[in-house]
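Chemist:
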Amino acid sequence: MGKAKRFLYATGDITARVGKGLFSYVTDMALWTTIYFADLSLPTPASGKMWRAQIAADRFLQEYNYETITSAIANARRQLLLRPAKRGRRALPEITEAGKKRLAAIIPVYDEKRVWDERMHLVTYDVPETKRLDREALRDVIRQLGAGRLQDSVWITPYNPVDALRTFIEEHRLAGTVIVSDMGKNGAIGEEDLKSLVARVWRLDLLNDRYEEWLRTYKRSDNLDQWLVTGYLSILRDDPQLPFPLLPKWWKGDRAWCLVAPKLKEMYLSLRSQR
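Residue numbers (my numbering): 1183 to 1457.
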């Protein structure tokens, strides 16, 4: 296999294996690596061996070959997302403001507040086939708002989506095709209680399985390395982050967050101005 083909194979395989697609491009991986290791100072003669061992042992970096890493960094520099380090030739490159802005748009943020008025909302739409593309775009917007699909063209959400949908409806001339209904504070449908409905619609059991697997991996690990942090973010990206009162007692997402929070809060702080 030629050199170019080997590189393409490696980068394509990485996206599937690391972070489950958290990073669509290896350039984003380079930005993430830079921001992750930003708190690691340059090694001194006394600490150099420990510093090199920490880098070498990181499981996230072990997923990448040297060619992939250097190519990703070079590409990020060409796009002015990274700049050469000022601290020494062997230091990691530094992320630019443009790089921070790009990374901030990719990394999911854990919402510790999740303000909720205790009401559920039902979104229904009936968009004609002549506007099929608009209908698909509407479905994507509703999904991005964190709504769960109850059935075809019927979605539920704990957050009032009216303001978020109004602009889209006006821009796509869909007035009269979308209805948002207030389900009240109970929000139950039929004999199914609200918590059971929420767990079923959002498939919280499957998401919880991923959190449990992450916790087992964390327990077997010596430290919270980049591989574990990236794995957590790949789960958080798919987490609808529902209001805490709606989550089942067996939910493990909050436990996982407590373990990873100190590291991620540092990163969130460095990217805050870019969000």
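Just so it is clear, CB atoms sit at the ideal spot from N, CA and C, and this is done for glycine as well.
Pull up the distance between the alpha-carbon of Y1400 and that of V1323, whole angstroms please.
Modeler: For the purposes of this step, residue 1400 is taken as residue 218 along the sequence shown, with counting starting at 1. For the purposes of this step, residue 1323 is taken as residue 141 along the sequence shown, with counting starting at 1. Each residue's Cα considered, the two are about 34 Å apart.
Chemist: Rounded to whole angstroms, what's the CA-CA distance from R1402 to Y1218? Just pull it up for me.
Modeler: Locating residue 1402 in the sequence shown gives position 220, counting from the first residue. Locating residue 1218 in the sequence shown gives position 36, counting from the first residue. Going by the C-alpha atoms only, they are around 21 Å apart.
Chemist: Just how far apart, CA to CA, sit I1251 and P1340?
Modeler: Here residue 1251 corresponds to residue number 69 of the sequence shown, with the count starting at 1. Here residue 1340 corresponds to residue number 158 of the sequence shown, with the count starting at 1. Approximately 42 Å between the Cα atoms of the pair.
Chemist: Using the Cβ count rule (16 or more neighbours within 10 Å means buried), how would you classify D1407?
Modeler: Translated into the one-based positions of the sequence shown, residue 1407 becomes position 225. Answer is buried; the Cβ neighbour count reaches 16.
Chemist: Do you know how far the Cα of R1419 is from the Cα of Y1450?
Modeler: For the purposes of this step, residue 1450 is taken as residue 268 along the sequence shown, with counting starting at 1. For the purposes of this step, residue 1419 is taken as residue 237 along the sequence shown, with counting starting at 1. The alpha-carbon atoms of Y1450 and R1419 are separated by roughly 15 Å.
Chemist: Pop quiz: K1282 and L1453 are said to be a contact at Cβ under 8 Å. What is the actual Cβ separation, rounded to whole angstroms?
Modeler: Against the sequence shown, residue 1282 aligns to sequence position 100. Against the sequence shown, residue 1453 aligns to sequence position 271. Yes, they are in contact, since the Cβ atoms of K1282 and L1453 sit about 5 Å apart, within 8 Å.
Chemist: Restricting to Cα atoms, I'd like to know which of T1215, D1299, R1325 is closest to L1285.
Modeler: Taking the first residue of the sequence shown as 1, we reach residue 1285 at position 103. Per the Cα distances, T1215.
Chemist: In the structure shown, what three-state DSSP assignment does L1389 receive?
Modeler: Here residue 1389 refers to the residue found at position 207 when the sequence shown is read from its first residue. Residue state, collapsed to three classes: helix.
Chemist: Please list, in chain order, all residues of the same chain as S1363 whose beta carbon is under 6 Å from its beta carbon, the five residues on each side excluded.
Modeler: In the sequence shown, the residue the question calls residue 1363 occupies position 181. L1304.
Chemist: In angstroms, rounded to a whole number, what distance separates the CA positions of W1433 and L1327?
Modeler: In the sequence shown, the residue the question calls residue 1433 occupies position 251. In the sequence shown, the residue the question calls residue 1327 occupies position 145. Each residue's Cα considered, the two are about 21 Å apart.
Chemist: What first and last residue would you give for the alpha helix (DSSP H) that runs through T1216?
Modeler: For the purposes of this step, residue 1216 is taken as the residue at position 34 of the sequence shown. Segment 1208-1218, the alpha helix (DSSP H) holding T1216.
Chemist: Bridge partners of V1336, per DSSP?
Modeler: On the sequence shown, residue 1336 is found 154 positions in, with the first residue counted as 1. V1336 is bridged to T1306, Q1333.
Chemist: Contact criterion: CB-CB distance below 8 Å. Does I1351 meet it with respect to chain B?
Modeler: Of the protein chains in the structure, only one exists, and it is not chain B.
Chemist: What separation, rounded to the nearest whole angstrom, lies between the Cα atoms of Q1261 and K1367?
Modeler: Mapped onto the sequence shown, residue 1261 falls at position 79. Mapped onto the sequence shown, residue 1367 falls at position 185. C-alpha separation (whole angstroms): 49 Å.
Chemist: Nearest-angstrom Cα distance between N1405 and K1445?
Modeler: Here residue 1405 is taken as the residue at index 223 of the sequence shown, counted from 1. Here residue 1445 is taken as the residue at index 263 of the sequence shown, counted from 1. Their backbone Cα atoms lie some 12 Å apart in a straight line.
Chemist: By Cβ distance, which residues of its chain are closer than 6 Å to V1360, with the 5 residues on each side in sequence left out?
Modeler: Your numbering for residue 1360 matches position 178 in the sequence shown. Y1307, I1351.
Chemist: Are W1337 and A1346 touching if we call contact CB-CB under 8 Å?
Modeler: As a working mapping, residue 1337 is identified with position 155 in the sequence shown. As a working mapping, residue 1346 is identified with position 164 in the sequence shown. No, these two residues do not count as a Cβ contact at 8 Å.
Chemist: Indicate whether D1421 and L1389 have their beta-carbon atoms separated by less than 8 Å.
Modeler: Reading the sequence shown from its first residue, position 239 is the one you call residue 1421. Reading the sequence shown from its first residue, position 207 is the one you call residue 1389. Yes. Within cutoff.
Chemist: For a quick check, are the C-beta atoms of A1287 and A1258 less than 8 Å apart?
Modeler: Position 105 of the sequence shown, counted from the first residue, corresponds to residue 1287. Position 76 of the sequence shown, counted from the first residue, corresponds to residue 1258. No.
Chemist: Exposed or buried, which one is K1375 when buried takes at least 16 other CB atoms within 10 Å?
Modeler: In the sequence shown, counting from the first residue as 1, residue 1375 sits at position 193. The question names Lys, but residue 1375 is Asp in the sequence shown. Result: exposed.
Chemist: For W1396, which residues in the same chain have their Cβ closer than 8 Å to its Cβ, ignoring the five residues on either side in sequence?
Modeler: As a first step, residue 1396 must be located in the sequence shown, where it is residue number 214. L1410, G1413, Y1414, I1417, A1438, listed in sequence order.
Chemist: Can you tell me where the beta strand (DSSP E) with S1363 in it begins and where it stops?
Modeler: Here residue 1363 corresponds to residue number 181 of the sequence shown, with the count starting at 1. Counting along the chain, the beta strand (DSSP E) containing S1363 begins and ends at 1360-1366.
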